[in-house]
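Following: one structure in structure tokens, then a few remarks.
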Amino acid sequence: MNTESTNFHQGPSAVPLHATLALSPPVPCLLTTPDQQVKKNVGKSHGTTMAHVLESKGKGECRADPDQPSRPPRLRRKTMKTFAALGFLSSDVEHERRALRKRHSAEFAQVEALTEQAMTELQAVSGASSQEYLLGLGYWLRCLEGCQGAVLLIERGLPSAPFPVLRTAFECLFFACALWRRPALAAKLQAGHDAERIKQARTMIAAGAASRVPPDRLAELQAIAAETHPSSTGLTAFEAAGAADLALDYETAYRGLGIAGAHASLRSLDDYFVAQPDGSFDLGFEPSSKRTAWLLGLVATCLRGGIERHREAHSRRSDASTPPGP
-6 MNTESTNFHQ GPSAVPLHAT LALSPPVPCL LTTPDQQVKK NVGKSHGTTM
44 AHVLESKGKG ECRADPDQPS RPPRLRRKTM KTFAALGFLS SDVEHERRAL
94 RKRHSAEFAQ VEALTEQAMT ELQAVSGASS QEYLLGLGYW LRCLEGCQGA
144 VLLIERGLPS APFPVLRTAF ECLFFACALW RRPALAAKLQ AGHDAERIKQ
194 ARTMIAAGAA SRVPPDRLAE LQAIAAETHP SSTGLTAFEA AGAADLALDY
244 ETAYRGLGIA GAHASLRSLD DYFVAQPDGS FDLGFEPSSK RTAWLLGLVA
294 TCLRGGIERH REAHSRRSDA STPPGP
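For the sequence shown, this note's numbering assigns the number -6 to the initial residue and increments by one for each residue that follows.
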């Protein structure tokens, strides 16, 4: 989207928005305990939760894996592109991506159709717009980026990495739609931004920034820390979701993604431990498709919510710019 340089803290309420949206083309480790043995595992199915691991007794001890003798550098070069050597950075993941896209072709097609719809409608945006509408567009673009980033991670089978990316997409969705429906909330966003700047500067100084920050940068921190803290509170994701009429999405998708993997929760470790019949636990580190359909469904939900509310906001904007009839 090509726009004139805009300062959202100053200037008139109507900002020119020109032309159309410019779119760029496209260690293994063996843990042993008195009561259990935790072994490395790459390539086995998973079926336990972190709760099982917590219920086991004893303390883990990490030592070199006797099953993995050292190899001369010449032999290692031949395996550098395998999953065992590079994990999700390996070329092996490309095979997983193609297979997963084939198995879930309908879900991927749905997400791509919604993405194309959203991008096409954004390219049609032009003309003068309010600051609040443009701020909303910024958050909507971040939402689209987050949804696309989540899909790139999902299709490669990363077990937990898509969760924080998709959760951020929902957060940006809430802020975008809240600004479109209640433009006055922009003031709370500004207050929250200022409060966080001041808080960070003060806490950095309190944590000993003087010992590691150059004098000129320290002076900048001190100047920010001396600013007056905003009297009003910032806008939370919960408040934004309520203003956007997306409270259910907040309580289900946003909270659910936080528990499942966006945070360092116990639940987020479920894919990395596999209970065995003898009471041991295998360490698992491999591509997973267990939640592919669910995650792609959440991406589609996020995109639909944004498309619907952007159309609503764009319609109001168009009505406001239409001169009254004779």
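Don't be surprised by glycine CBs; every beta carbon is placed ideally from N, CA and C.
Legend entry - Inter-residue spacing [alpha-carbon to alpha-carbon] between Lys74 and Phe278: Counting from one through the sequence shown, the residue named residue 74 turns up at place 81. Counting from one through the sequence shown, the residue named residue 278 turns up at place 285. For Lys74 and Phe278, the distance between alpha carbons rounds to 16 Å.
Legend entry - Backbone secondary structure at Ser258 - three-state DSSP: As a position in the sequence shown, residue 258 is number 265, starting the count at 1. In the structure shown, Ser258 sits in coil (DSSP, three-state: anything other than H, G, I, E or B).
Inset, instruction - Note down, in chain order, each residue of its chain lying with its Cβ closer than 8 Å to the Cβ of Ser294, except the 5 sequence neighbours on either side. - result: Here the question's residue 294 lines up with position 301 in the sequence shown. The residue you asked about is not Ser; residue 294 is Thr in the sequence shown. These residues qualify, in order along the chain: Asp242 and Ala246.
Legend entry - Three-state secondary structure assigned by DSSP to Val267: Stepping through the sequence shown from its first residue, residue 267 is reached at position 274. Three-state result, Val267: strand.
Inset, instruction - Please name the residue, chosen from Pro208, Gln193, Ala78 and Arg174, that lies closest to His222 on a Cα-to-Cα basis. - result: Here residue 222 corresponds to residue number 229 of the sequence shown, with the count starting at 1. His222 has its Cα closest to that of Gln193, out of Pro208, Gln193, Ala78 and Arg174.
Inset, instruction - Label Ala233 either buried or exposed according to how many other C-beta atoms from any shown protein chain fall within 10 Å of its C-beta, with 16 as the threshold for buried. - result: Here the question's residue 233 lines up with position 240 in the sequence shown. Buried: at least 16 other Cβ atoms inside 10 Å.
Inset, instruction - Determine the direct distance from the alpha carbon of Leu289 to that of Phe101, and round the result to whole angstroms. - result: As a position in the sequence shown, residue 101 is number 108, starting the count at 1. As a position in the sequence shown, residue 289 is number 296, starting the count at 1. Rounded to the nearest whole angstrom, the CA to CA distance from Phe101 to Leu289 is 7 Å.
Inset, instruction - Hey, could you find the ends of the beta strand (DSSP E) Ser84 is sitting in? - result: Taking the first residue of the sequence shown as 1, we reach residue 84 at position 91. It is not in any beta strand (DSSP E) - Ser84 carries neither H nor E in the DSSP assignment.
Legend entry - Euclidean distance between Cα positions of Trp133 and Leu296: Working through the sequence shown from its first residue, we reach residue 133 at position 140. Working through the sequence shown from its first residue, we reach residue 296 at position 303. Answer to the nearest angstrom: the Cα atoms are 9 Å apart.
Legend entry - Beta-carbon gap between Cys136 and Ala162 smaller than 7 Å: By one-based count along the sequence shown, residue 136 stands at place 143. By one-based count along the sequence shown, residue 162 stands at place 169. Yes; because the gap between Cβ atoms is below 7 Å, this pair is in contact.
Legend entry - CB contact flag (Val86, Arg149, <7 Å): For the purposes of this step, residue 86 is taken as the residue at position 93 of the sequence shown. For the purposes of this step, residue 149 is taken as the residue at position 156 of the sequence shown. A contact, by the Cβ cut-off of 7 Å.
Inset, instruction - Measure the CB-CB distance between Leu79 and Phe167 and report whether it falls below 7 Å. - result: One-based indexing of the sequence shown puts residue 79 at position 86. One-based indexing of the sequence shown puts residue 167 at position 174. It is not a contact, given that the beta carbons lie outside the stated cut-off.
Legend entry - Leu178 versus Thr226: straight-line alpha-carbon distance, rounded: Here residue 178 refers to the residue found at position 185 of the sequence shown. Here residue 226 refers to the residue found at position 233 of the sequence shown. Take the alpha-carbon of Leu178 and the one of Thr226: they are about 11 Å apart.
Legend entry - Contacts around Pro280, its chain only, beta-carbon distance under 6 Å, and the 5 residues preceding and following it disregarded: Translated into positions along the sequence shown, residue 280 becomes position 287. Closer than 6 Å at the Cβ level, and outside the excluded window around Pro280, lie Glu89 and Gly150.
Legend entry - Buried versus exposed call for Ser122 [16 or more other C-beta atoms within 10 Å across all chains shown]: Here residue 122 is taken as the residue at index 129 of the sequence shown, counted from 1. Here Ser122 is buried. Its C-beta has 16 or more other C-beta atoms within 10 Å.
Inset, instruction - Enumerate in chain order the residues of its own chain whose CB-to-CB distance from Leu228 is below 6 Å, with the five nearest sequence positions on each side excluded. - result: Looking up residue 228 in the sequence shown gives position 235. Once the five neighbours on either side are set aside, the close Cβ partners of Leu228 are Leu178, Lys181, Leu182 and Gly185.
Inset, instruction - Determine the direct distance from the alpha carbon of Lys283 to that of Asp264, and round the result to whole angstroms. - result: Along the sequence shown, one-based indexing puts residue 264 at 271. Along the sequence shown, one-based indexing puts residue 283 at 290. If I take the Cα positions, the gap works out to 9 Å.
Legend entry - Neighbourhood of Ala230 by C-beta distance below 6 Å, restricted to the same chain and skipping five residues each side: As a position in the sequence shown, residue 230 is number 237, starting the count at 1. So the list reads Glu164 and Phe167, once near-sequence residues are dropped.
Inset, instruction - Using 10 angstroms around the beta-carbon of Ala306, count the other beta-carbons present and answer buried if the total reaches 16, otherwise exposed. - result: Here residue 306 refers to the residue found at position 313 when the sequence shown is read from its first residue. It is buried - the Cβ of Ala306 has at least 16 other Cβ atoms within 10 Å.
Inset, instruction - Measure the Cβ-Cβ separation of Arg160 and Ala255 and say whether it is below 7 Å. - result: What you label residue 160 is simply residue 167 of the sequence shown in a count that begins at 1. What you label residue 255 is simply residue 262 of the sequence shown in a count that begins at 1. Yes; because the gap between Cβ atoms is below 7 Å, this pair is in contact.
Inset, instruction - Please determine, among Gly131, Ile198 and Gly139, the residue with the shortest C-alpha to C-alpha distance to Ala219. - result: By 1-based counting over the sequence shown, the position of residue 219 is 226. Looking at the Cα atoms, Ile198 is the closest of the given residues.
Inset, instruction - Using the Cα positions of Ala111 and Ala253, report the straight-line distance between them to the nearest angstrom. - result: Position 118 of the sequence shown, counted from the first residue, corresponds to residue 111. Position 260 of the sequence shown, counted from the first residue, corresponds to residue 253. Cα to Cα, Ala111 sits roughly 27 Å from Ala253.
Legend entry - Residue from Ile147, Thr196, Cys170 and Leu262 whose Cα sits closest to the Cα of Ala92: On the sequence shown, position 99 is the one that residue 92 refers to. Of the listed residues, the one whose Cα sits closest to Ala92 is Ile147.
Legend entry - DSSP three-state assignment for His222, whether helix, strand or coil: To locate residue 222, count along the sequence shown from 1; it is residue 229. In this structure, His222 counts as coil in the three-state DSSP scheme.
Inset, instruction - Answer with buried or exposed for Leu291, where buried requires no fewer than 16 other C-beta atoms within 10 angstroms of its C-beta. - result: As a working note, residue 291 is residue 298 in the sequence shown. Leu291 counts as buried, since at least 16 other C-beta atoms from the protein chains shown sit within 10 angstroms of its C-beta.
Inset, instruction - Can you grab the Cα-Cα spacing for the pair Ala257 / Leu145, in whole Å? - result: Mapped onto the sequence shown, residue 257 falls at position 264. Mapped onto the sequence shown, residue 145 falls at position 152. About 21 Å.
Inset, instruction - Hey, could you find the ends of the alpha helix (DSSP H) Pro155 is sitting in? - result: For the purposes of this step, residue 155 is taken as the residue at position 162 of the sequence shown. Following the DSSP letters along the chain, one finds Pro155 inside the alpha helix (DSSP H) bounded by residues Pro155 to Arg174.
Legend entry - Secondary structure of Val104, DSSP reduced to three states: Along the sequence shown, read from residue 1 onward, the residue named residue 104 stands at position 111. In the three-state reduction of the DSSP assignment, Val104 falls in the helix class, which pools H, G and I.
Inset, instruction - Determine the contact status of Gly139 and Leu172, defining contact as a CB-CB distance below 7 Å. - result: For the purposes of this step, residue 139 is taken as residue 146 along the sequence shown, with counting starting at 1. For the purposes of this step, residue 172 is taken as residue 179 along the sequence shown, with counting starting at 1. Cβ atoms of Gly139 and Leu172: not closer than 7 Å.
Inset, instruction - Could you tell me if the beta carbon of Asp271 falls within a distance shorter than 6 Å of some heavy atom in the ligand NAD? - result: As presented, the structure is devoid of all ligands, the ligand NAD included, so that no description of it is given.
Legend entry - Residue nearest to Thr108 in terms of C-alpha spacing, selected from Val118, Gly299 and Arg260: Within the sequence shown, residue 108 is the residue found at index 115, counting from 1. The alpha carbon of Thr108 has as its nearest neighbour, out of Val118, Gly299 and Arg260, the alpha carbon of Gly299.
Legend entry - Backbone secondary structure at Ser282 - three-state DSSP: As a working mapping, residue 282 is identified with position 289 in the sequence shown. Coil.
Inset, instruction - Pull up the distance between the alpha-carbon of Leu68 and that of Phe266, whole angstroms please. - result: Here residue 68 refers to the residue found at position 75 of the sequence shown. Here residue 266 refers to the residue found at position 273 of the sequence shown. In this predicted model, Leu68 has a pLDDT of only 38, less than 50, meaning its place in the structure is not dependable enough to derive any value.
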